[in-house]
Amino acid sequence: MKRLFLIEYEKLRANRSSRILIGAYFILLTSIALIAAIKFDIGPIKFHLAEQGIFNFPYVWHFNAYIGAWFKIFLAVVIVSMTANEYSNKTIKQNLIDGLSKREFLHSKWVMLFALAAISTLFIFVVSLILGLIYSNYNEFSIIVQDLEYLAAFFIKLMAFFGLCLFLGTAIKRSAFALGFLGIWQMFEGFCYGMLKWKSPEWLNAEDVYRFFPLNAMSNLIREPFSRLSAVRNLADQVGEQMTKNTDVQLLDILIVSVWCYIFYALTYRLLKRRDL
Amino acid sequence: MKLILNVNELTKKFGHLTAVDRLSFSIEKGNVYGMLGPNGSGKSTTLGMILNVVNPTAGKFSWFGGTQSTHQALKRVGAIIERPNFYPFMTGAQNLQLVCRIKEVPKSKIEEKLELVDLLDRKHDKFKTYSLGMKQRLAIASALLNDPEILILDEPTNGLDPQGIAQVRDIIFKIAAQGTTILLASHLLDEVEKVCSHVLVLQKGKQIYFGPVTALTTDHGYFELDATDLARLLKALEENKLIKAVEQQGALVLAYPNETLEIETLSKALTSKGIVLTHLAKKHKSLEEQFLTLTKKNKA
């Protein structure tokens, strides 16, 4: 395991663009903390975002996991090129000839995906904990450890997304096309959802089907946190709108995404195994 | 003899095309094997299969008696196929370090092998800045990192300039002299002729010869002759029971013996008939001629 990790680590470390992108990604993850600096002080209107309760425990876990997940696109570029380059440089061929098995090759990539997802989760955890300890109105231990499942969801979401990127990089072998395909896939899911809503028979709920689509399932893992904010709720109450949306992490979504994660792994292996180099 | 590789009925089809057709051969320790065949005869596909990058359609192969999985066995092999494939953004030394990790050999070998291929002074430069000759030499260093039990080279001098060809050849000679088993695929016959003890000849994916270079042709060589009286010479040769065929090529007469015939025997026989020879030489066909005869025979 350590050997496989080091093989991939050496490849990534030597590649300058990967290094820069990974660096930028972790800086951006940390920059969530900058939200705390948003302050308006215009005469009678004093507004400090950090004081609006977004960093309250346990809400901060949800909020930061949601925001942090947006930055994953940076790593998508790294991961897609991580495999696509192996094909364009034909180094995958040389790796296999040198005595790496196809399964080991895949595992060296997946160990790196795991490491990236784990470090990201750790980052979100530490940043949220610090922000919470500074700004939260409630600092009791029992409240702090509430809702930690959002971090688990964040981790699984990243793993599945990275797995998809790795699969696309392997299948398409060209970084730019693979990323383009990811965009097209997102649109395709939206299109399918629209068609389902429009054309599906009565006994079929479009939402229920849409829930199983990979990208949508990933986004369902951590639903938007804004409707939970008391400020937003108050506003909704005033305009007479009922906010009854469930924004919890749902077990079924975790299950769906985990299955997708495994499917991406298995498909990538199948592809590697069957393809002649 | 220790068996290194055994190939049995190995076949690869790409759609309708049969690139490699039921190939069977075996490689023993200490010999230098040449793999001959024109472009597209299936050399690279065969090597691809035994090196785990091309999936065989049928047939089997086993490394070192088949006690290990192929990828484990490949750690004991050194191979370069076609172009040198390395990470362009890594330095020569970093690339070799990665290979050490994959092959699970200590990094201490890197310096030694870089010195062998004369790249020590460029080891901290990125691979993409290397010339083709340097890339190929780095590939050789990389293949030697594990002190392999067999070295597989596929067209190692392809695309190199004369100086590069000479350098790579020198390295191959050096390695062969150390007693390393080598499998060298090439369409350059003199390259194979100079180093190989055994040859495998392929044509359109089929194996048309496998065995020692010396036994490639069953004939006993031929004689080149010339005499002051050409007519008498021809007559004498045709009457000689030891000669099976006579032909004229330019100013010379070529005579093919039935069995091994010593040059003195022929000379005495002709002199006793009063023929004055002005030229007499015993020749063997070069590998190139043998190869052409062989491929022509199989086409018919």
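The listed protein sequences derive, respectively, from chains P and G.
Going by this note's numbering, the letters in the first sequence line up with residues 7 to 283, in that order.
Going by this note's numbering, the letters in the second sequence line up with residues 2 to 301, in that order.
Cβ coordinates follow ideal geometry from the N, Cα and C atoms, glycine included.
Which residue's Cα is closest to the Cα of residue i: the options?
i                      : options                    : result
residue 166 of chain G : G:103, G:137, G:297, G:213 : G:137
residue 254 of chain P : P:180, P:12, P:71          : P:71
residue 84 of chain G  : G:32, G:158, G:250, G:146  : G:158
residue 15 of chain P  : P:115, P:58, P:41          : P:115
residue 293 of chain P : P:153, P:189, P:151        : Here chain P has residues from 7 to 283 only, and residue 293 of chain P is not among them.
residue 154 of chain G : G:164, G:162, G:161, G:141 : G:141
residue 20 of chain P  : G:214, G:129, G:76         : G:129
residue 13 of chain P  : G:213, G:133, G:285, G:96  : G:96
residue 154 of chain P : P:262, P:275, P:66, P:50   : P:66
residue 152 of chain P : P:75, P:165, P:135         : P:135
residue 52 of chain G  : G:72, G:281, G:68, G:37    : G:72
residue 274 of chain P : P:110, P:75, P:241, P:146  : P:110
residue 90 of chain P  : P:267, P:80, P:177         : P:177
residue 139 of chain G : G:192, G:31, G:107, G:82   : G:82
residue 58 of chain G  : G:234, G:276, G:108, G:18  : G:18
residue 213 of chain G : G:100, G:32, G:91          : G:32
residue 60 of chain P  : P:165, P:259, P:179, P:44  : P:44
residue 106 of chain P : G:70, G:168, G:255         : G:70
residue 6 of chain P   : P:150, P:124, P:260        : Since the first residue of chain P shown is 7 and the last is 283, residue 6 of chain P is not available in this structure.
residue 170 of chain P : P:269, P:137, P:212, P:210 : P:269
residue 172 of chain P : P:144, P:258, P:267, P:246 : P:267
DSSP on residue i, reduced to helix/strand/coil?
i                      : result
residue 11 of chain G  : strand
residue 113 of chain P : helix
residue 204 of chain P : helix
residue 54 of chain G  : coil
residue 278 of chain G : strand
residue 257 of chain G : strand
residue 26 of chain G  : strand
residue 61 of chain G  : strand
residue 161 of chain G : coil
residue 102 of chain P : helix
residue 155 of chain G : strand
residue 265 of chain P : helix
residue 245 of chain P : coil
residue 186 of chain P : helix
residue 283 of chain P : coil
residue 36 of chain G  : strand
residue 172 of chain G : helix
residue 17 of chain P  : helix
residue 136 of chain G : helix
residue 44 of chain G  : helix
residue 26 of chain P  : helix
residue 267 of chain G : helix
Identify, in the order they occur along the chain, each residue of the same chain with its Cβ nearer than 6 Å to the Cβ of residue i, setting aside the five sequence neighbours on each side.
i                      : result
residue 283 of chain G : 222, 224, 264
residue 127 of chain P : 157, 160, 161
residue 232 of chain P : 238
residue 219 of chain P : 195
residue 215 of chain P : 202
residue 113 of chain P : 10
residue 79 of chain G  : 144, 145, 149, 152
residue 49 of chain G  : 55
residue 110 of chain G : 146
residue 56 of chain P  : 42, 141
Under the criterion of a Cβ to heavy atom distance below 8 Å, does residue i qualify as lining the ligand COA?
i                      : result
residue 195 of chain G : The ligand COA is absent from the structure shown, which contains no ligand whatsoever.
Give the C-beta separation of residue i and residue j to the nearest angstrom, bearing in mind that I take them to be a contact with Cβ-Cβ under 8 Å.
i                      : j                      : result
residue 68 of chain P  : residue 234 of chain P : 7 Å
residue 20 of chain G  : residue 35 of chain G  : With 8 Å as the limit, residue 20 of chain G and residue 35 of chain G do not qualify as a contact, their Cβ atoms being about 20 Å apart.
residue 209 of chain G : residue 295 of chain G : 6 Å
residue 147 of chain G : residue 76 of chain G  : 6 Å
residue 239 of chain G : residue 247 of chain G : 6 Å
residue 235 of chain G : residue 260 of chain G : That pair is no contact at about 21 Å.
residue 202 of chain G : residue 37 of chain G  : 5 Å
residue 200 of chain G : residue 173 of chain G : At roughly 16 Å, the Cβ-Cβ gap does not stay under 8 Å, so residue 200 of chain G and residue 173 of chain G are not in contact.
residue 307 of chain G : residue 134 of chain G : The question about residue 307 of chain G has no answer here: the residues shown for chain G are numbered 2 through 301.
With a CB to CB cut of under 8 Å and the five nearest residues on each side skipped, what residues in its chain are close to residue i?
i                      : result
residue 18 of chain P  : 24, 25, 28, 84, 88, 118
residue 283 of chain P : 96, 98, 99, 102
residue 279 of chain G : 227, 228, 229
residue 91 of chain G  : 99, 127, 128
Quick one: residues in its chain with C-beta nearer than 7 Å to the C-beta of residue i, no 5 flanking neighbours on either side, listed in chain order?
i                      : result
residue 4 of chain G   : 27, 29, 66
residue 131 of chain P : 157
residue 32 of chain P  : 129
residue 293 of chain G : none
residue 205 of chain G : 42
**Request:** Ignoring anything shorter than 4 residues or poking outside the region 40-98 of chain P, list the alpha helix (DSSP H) runs there in chain order.
**Result:** 65-76, 78-94
**Request:** Note down, one range per segment and in chain order, each beta strand (DSSP E) of at least 3 residues found wholly within the region 225-253 of chain G.
**Result:** Unbroken beta strand (DSSP E) stretches of 3 residues or longer found wholly inside the region 225-253 of chain G: 244-250, given in chain order.
**Message:** Could you tell me which whole alpha helix (DSSP H) segments of length 4 or greater appear in the region 174-227 of chain G?
**Reply:** 190-196
**Asked** Can you list, in chain order, the stretches of the beta strand (DSSP E) that have 3 or more residues and sit fully within the region 62-133 of chain G?
**Response** 78-81
**Item:** Runs of alpha helix (DSSP H) wholly within the region 118-170 of chain P (minimum 4 residues, chain order)
**Value:** 147-150
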